[in-house]
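Numbering (our numbering), first residue to last: 77 to 473. Here is the structure we will look at, set down as C-alpha cells.
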Ligand code: FEO
C-alpha cells in the first residue's frame, strides 16, 4: 500500500516479509526487508529507485496508484544492485520519455547490468534538477556501499534519500522510526552497519562530515530499506558516526564449536576467567548460532576468543565462514586469542590464530591447546587465558 510521506512525496515500495537471506546467503534477514522507492509528484515527476524484479508487478501497481507511469520525467537510479534496480527495465518501458539519472559510476554499473539504450543523465555532487516547486540535489557517495552509490536531497522538502545508507532489513507496514519497536530497530540498523558498511567506515565519516557541512535542513531521512527516520532523523547519522569510529565496548565474545564437549568446556573455562575479571561476555556455539548475529556481537565487543577441535587438519567447518567474514570486514580495535582441543595433528590453534591476525585482531595471549579431553590443568590454563583477555580489555582505551 502506498503512502504519502510529505506533500507530493510518496512511498511506492515493497515489503518483503518472507526474506530470510540477502546477497545470496551472505546476510541473514530474520525480520525480512523492504525495498523503498519514492515518487515525487511536482510539476515534473521523479521516481527514486525501483525494487527487486520479482516484485515488479506490485511495484508498478503502486506507481499507478499515484501517477500514470508514462508521465514520469526522471527516474533516479542511485545504485545498481538488483534490489533497487531490478524493476528498471519494466518501468523504463512504461515511461519512454523519462531520463535516467545516475552517478558517473552508476552509468557504468547500470549499463553493465541491463545493456539498454536508455537516455542517461549523469550527475555529480552538487548537480541539481528542478521539478518545479522543489529541486533534487545529488551527492555522490562512493563506497556507501558501492562505487556508484548516490544520495538525493529533495530541496524545499527537507528530505534526504541516501539509498542503502541508514537502512535496515526490517519488514513492517509501519513507515516511520517512531512507530516501531525501538530495540528491534536498533538491532537491525546495527546489524546492517556491522555486516555491510564497516569496511567503508572511514568513508562513512568523511561523507557524513561533507553532508553536515552543507547545512541542509533534514526533516526526514528515507533510506532504501526499512523504516524512514522522521523523529530526530539525525539520530541515525550520530549512530553511524559512533559505529564508524569503531570504539568497542569492554566486553568479549567467545565463539567455538565442539565435537565431544572438550572445546565447549574450554570455552566455558575462558568465560569463567573473563567473569573473574568483571568483563561481560557471551559464548556463541557456532553450530547453533547465526553468523551475522555473531558478527554484530563481535563488532560491539573489544575482544574475540575463538576455539575449535582439529578435524581433517583444521578447525571445524562451522567456524570457517565467520573467520572468513572477519577477515573481510577487518574490524578495528579488536583484541583476541585462540584455544583448541585435538587428538593427533592439532593444526586448528595455529590456523585460528593466523586468521585472527589476518583480520586485524591483536592476539593478547598465547593460545591454549588441550590433548584429548581437557585436563583440570588445561582448563585452569583456559581460565587464566580468559583472565588475561579480560585484563587486556580493561587496560585498553
Ligand atoms: Fe546495495 Fe540494498 O542494495
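Virtual Cβ for every residue (Gly too), placed ideally from N, Cα, C.
When the five nearest sequence neighbours on each side are left out, the beta carbons in the same chain lying within less than 6 Å of the beta carbon of residue 436 are those of 406, in order along the chain. Ranked by Cα distance from residue 359, the first of 353, 373 and 368 is 373. Taking C-alpha positions only, residue 415 is separated from residue 441 by approximately 10 Å. Of the residues 219, 421 and 253, the one whose Cα lies closest to the Cα of residue 240 is 219. Taking the CA atoms as reference points, residue 291 sits about 15 Å from residue 201.
In the structure shown, residue 319 adopts helical secondary structure according to DSSP, grouped into three states. Around the beta carbon of residue 226, a 10 Å sphere encloses 16 or more other beta carbons of the protein chains shown; the residue is thus reported as buried. When only Cα atoms are considered, residue 160 and residue 111 end up about 7 Å apart.
For residue 87, the beta-bridge partners assigned by DSSP are 79 and 114. In the same chain as residue 325, and ignoring 5 residues on each side of it, the C-beta atoms closer than 7 Å to its own belong to 376, 377 and 378, in chain order.
Each of 155, 157, 159, 160, 221, 222, 240, 243, 300 and 301 has a C-beta closer than 7 Å to some heavy atom of the ligand FEO; these make up the full list, in chain order. Bounds of the beta strand (DSSP E) holding residue 226 are 226-231.
Each residue's CA atom was taken as its position, placing residue 305 and residue 330 some 34 Å apart. Check the Cα spacing between residue 79 and each of 151, 266 and 252: the tightest is with 252. Three or more beta-carbon pairs separated by less than 8 Å link the segment 206-222 to the segment 105-121, which places the two stretches in contact.
Residue 236 and residue 229 do touch by the CB rule: their CB atoms are close to 5 Å apart, below 8 Å. Following the DSSP letters along the chain, one finds residue 326 inside the beta strand (DSSP E) bounded by residues 325-332. In the DSSP annotation of this structure, the continuous segment of the alpha helix (DSSP H) that includes residue 375 starts and ends at 367-376.
Contact annotation: residue 182 and residue 217 have beta-carbon atoms that are not nearer than 8 Å.
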